[in-house]
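Asker: Following this message is one structure expressed as structure tokens.
Protein chains: 2
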Amino acid sequence: MTEIKILKNILAANEGQAALNRERFARHGLLALNLIASPGAGKTSLLERTIDGLAGRCRIAVIEGDITGDHDARRIAKTGAPVVQVNTEGGCHLNAAMIGEALREFALAELDIIIIENVGNLVCPAEFDLGEAFKIVVLSVPEGDDKPAKYPLIFSEAGAVVINKVDMLAATDFDLAKAERDIRKINPHVPIFQISCRSGQGLDAWLDWLVRQQKDHAAE
Amino acid sequence: MTEIKILKNILAANEGQAALNRERFARHGLLALNLIASPGAGKTSLLERTIDGLAGRCRIAVIEGDITGDHDARRIAKTGAPVVQVNTEGGCHLNAAMIGEALREFALAELDIIIIENVGNLVCPAEFDLGEAFKIVVLSVPEGDDKPAKYPLIFSEAGAVVINKVDMLAATDFDLAKAERDIRKINPHVPIFQISCRSGQGLDAWLDWLVRQQKDHAAE
């Protein structure tokens, strides 16, 4: 009896809290993104590059989700962007209540974009709405071009897909055309960005897209 | 009411079924391994190399766990090893009942080692016992040397850790000494194998270890 109550509360609270988060983002004209990927695909590197690349154009804050530790939050803090670390203490995904708590730590009126870096996991975060405008999926070249076909849910829910580490294409047998074809089978019109956070290749198109989304969002 | 029953049944069934699987493996002197890693770390490549490298020494069968599709099972079938694909249909990990079902498909008396490739996920599979002798964690170099500190549970439960894709060390800033230090903080005596499934580097030590484990297991 206790367990079913907890389970129901968790599910109901997530939907309700996600709607509350979404209202808060809308009230401040904030674009909120939920960044999802396997461990080590380069989510934090993409954040560092994005904050750096949009300096002076967009005010960005970050919520760092991890099972434990504050490694990524310390990396983001170095960029000067406001950042809050959320630890799930074993949990495999962030939920909307965790984000609601974290939002108290920011001056939302002074922000344009808030990016939530989810726990490194290509499966479970797909199921939990955080109130974001878009889920952004990062797929890295060393993971292999078979991942869209193998993890279809998250690719079907993506508002954009970033293929990161394209500087490693020559060192792998990753077939970019196949990966894009498989992504489009699941999500026909999703924007796909080919990026190397290491070399900076392809970042401009991603940053311009983000700025356009933020403007559209603020104008709504 | 329905949900709590389902939840309790799932948890109870997993413990009970894992014990049944373990008994079955023991009865046949079979070494069972539960292979866990992020998507794209190289679990299937390690299986291909292992089956090939132990040809004539050990009879190996494989259970391939994926959310959907039979991509990996088709790869393993090409090696000639017996293989069964288990699809979780959205689930983020294998459970012991799925393995119990899959075991019906094999002639267990004719095998020495059974390797279960779990769903690509560094979090949830850590919590579900499948009846295996060891969990084997594969960490790949492009994922970064921070992963043991960020996903401690799975590294603490590992019976061995394979660091794969060491041929990519020069192309990344992965610090092998740091990764090993962080693994040993969590799991002081765990064997760690540095491997490249691409070049074959380091495979012999891994294969020899496996054969020793299999012999110890069969002798029990």
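Protein chains in written order, with our numbering: chain G, 1 to 220; chain U, 1001 to 1220.
Beta carbons are placed, not taken as given, at the ideal position from N, Cα and C, and that holds for glycine.
What does a CB cutoff of less than 7 Å around G:Phe174 pick up in its chain, not counting 5 residues either side in sequence?
Answerer: Within the first sequence, numbered from 1, the residue matching residue 174 of chain G stands at position 174. Correct list, in chain order: Val141, Gly144, Asp145.
Asker: With a cut-off of 8 Å on the beta carbons, I'd call G:Leu30 and G:Ile115 a contact; round off their distance for me.
Answerer: Taking the first sequence and counting its residues from 1, one reaches residue 30 of chain G at position 30. Taking the first sequence and counting its residues from 1, one reaches residue 115 of chain G at position 115. Incorrect: roughly 11 Å between the Cβ atoms, too far for contact.
Asker: Check the Cβ-Cβ distances between U:Leu1153 and every residue of chain G, and say whether any is below 8 Å.
Answerer: Your numbering for residue 1153 of chain U matches position 153 in the second sequence. Taking Cβ atoms only, chain G reaches closer than 8 Å to U:Leu1153, which makes this a yes.
Asker: Would U:Ile1067 pass as an interface residue toward chain G - the criterion being a Cβ-Cβ separation below 8 Å?
Answerer: As a first step, residue 1067 of chain U is located in the second sequence; it is residue number 67 there, counting from the start. With 8 Å as the cut-off, U:Ile1067 counts as an interface residue toward chain G.
Asker: Return helix, strand or coil for U:Glu1089, following the three-state DSSP convention.
Answerer: For the purposes of this step, residue 1089 of chain U is identified with residue 89 of the second sequence, where counting begins at 1. In this structure, U:Glu1089 counts as coil in the three-state DSSP scheme.
Asker: Which two residues bound the contiguous beta strand (DSSP E) that contains G:Gln194?
Answerer: Walking along the first sequence from the start, residue 194 of chain G turns up at place 194. Run containing G:Gln194: 192 to 194, per the beta strand (DSSP E) assignment.
Asker: What is the rounded straight-line gap between the Cα of U:His1093 and the Cα of U:Phe1128?
Answerer: In the second sequence, residue 1093 of chain U corresponds to position 93, counting from 1. In the second sequence, residue 1128 of chain U corresponds to position 128, counting from 1. Those two C-alpha atoms are separated by around 8 Å.
Asker: On the three-pair Cβ rule with 8 Å, is the stretch 1158 to 1168 of chain U touching the stretch 152 to 163 of chain G?
Answerer: The stretch 1158 to 1168 of chain U, when compared against the stretch 152 to 163 of chain G, does not touch it at the 8 Å Cβ threshold.
Asker: I'd like the list of long-range same chain contacts for U:Gly1202, defined as Cβ closer than 8 Å, with 5 residues on each side in sequence excluded.
Answerer: For the purposes of this step, residue 1202 of chain U is taken as residue 202 along the second sequence, with counting starting at 1. Around U:Gly1202: Val1166, Phe1193, Gln1194, Ile1195, Ser1196.
Asker: How would you list, in chain order, the residues of chain U whose beta-carbon sits under 8 Å from the beta-carbon of G:Cys92?
Answerer: Taking the first residue of the first sequence as position 1, residue 92 of chain G is located at position 92. Going along chain U in sequence order, the residues near G:Cys92 (Cβ under 8 Å) are Cys1092, Asn1121, Val1123, Cys1124.
Asker: Under 8 Å, do G:Ala102 and G:Ile63 count as touching if we go by C-beta distance?
Answerer: Sequence index remark: in the first sequence, residue 102 of chain G carries index 102 (1-based). Sequence index remark: in the first sequence, residue 63 of chain G carries index 63 (1-based). Closer than 8 Å, so yes.
Asker: Give the DSSP-derived three-state secondary structure of U:Gly1016 in the structure shown.
Answerer: Position 16 of the second sequence, counted from the start, is the residue given in the question as residue 1016 of chain U. U:Gly1016 falls in the helix class under three-state DSSP.
Asker: Confirm, please, whether the CB-CB distance from G:Val119 to G:Glu105 is below 8 Å.
Answerer: Within the first sequence, the letter at position 105 stands for residue 105 of chain G. Within the first sequence, the letter at position 119 stands for residue 119 of chain G. Not a contact, by the Cβ cut-off of 8 Å.
Asker: Does DSSP put U:Glu1003 in a helix, in a strand, or in coil?
Answerer: The residue you call residue 1003 of chain U lines up with position 3 of the second sequence. Below a pLDDT of 50, predicted positions are generally treated as unreliable, and U:Glu1003, at 47, falls in that range; no measurement from the model is reported.
Asker: Please decide whether G:Asp146 counts as near chain C, where near means a Cβ-Cβ distance under 8 Å.
Answerer: As a matter of chain content, chain C is missing from the structure shown, whose protein chains are G and U.
Asker: Output yes if chain U places a C-beta closer than 8 Å to the C-beta of G:Pro82; else output no.
Answerer: The residue given as residue 82 of chain G occupies position 82 in the first sequence. By this cut-off, G:Pro82 is not an interface position.
Asker: Going along chain G in order, which residues have a C-beta closer than 7 Å to the C-beta of U:Glu1143?
Answerer: Working through the second sequence from its first residue, we reach residue 1143 of chain U at position 143. Under the 7 Å cutoff, chain G gives Pro39, Gly40.
Asker: What residues from chain U crowd round G:Met168, counting only those whose CB sits closer than 8 Å?
Answerer: On the first sequence, residue 168 of chain G is found 168 positions in, with the first residue counted as 1. Chain U residues near G:Met168: Pro1142, Met1168, Ala1171.
Asker: Can you list, in chain order, the residues of its chain whose CB lies under 8 Å from that of G:Val86, leaving out five sequence neighbours each side?
Answerer: One-based indexing of the first sequence puts residue 86 of chain G at position 86. Around G:Val86: Ile63, Glu64, Gly65, Asp66, Leu94, Met98, Ile99, Glu101, Ala102.
Asker: Between the Cα of G:Lys78 and the Cα atoms of G:Thr88, G:Phe134, G:Ala61, which residue gives the shortest distance?
Answerer: The count along the first sequence starts at 1 and reaches residue 78 of chain G at position 78. For G:Lys78, the nearest C-alpha among the options comes from G:Ala61.
Asker: Once the 5 residues before and after G:Ala109 are set aside, which same chain residues still bring their CB inside 7 Å of it?
Answerer: Along the first sequence, one-based indexing puts residue 109 of chain G at 109. For G:Ala109, where only same-chain residues beyond five positions count, the Cβ hits under 7 Å are His28.
Asker: Going along chain U in order, which residues have a C-beta closer than 8 Å to the C-beta of G:Lys165?
Answerer: In the first sequence, the residue the question calls residue 165 of chain G occupies position 165. What G:Lys165 touches in chain U: Pro1142.
Asker: Quick one: is U:Glu975 buried, meaning 16 or more other Cβ sit within 10 Å of its Cβ, or exposed?
Answerer: Nothing about residue 975 of chain U can be read from this structure; chain U reaches only from 1001 to 1220.
Asker: Going by the DSSP bridge assignment, what does G:Glu117 pair with across the sheet?
Answerer: Here residue 117 of chain G refers to the residue found at position 117 of the first sequence. For G:Glu117, which the question treats as bridged, DSSP gives the partners G:Leu35, G:Glu64.
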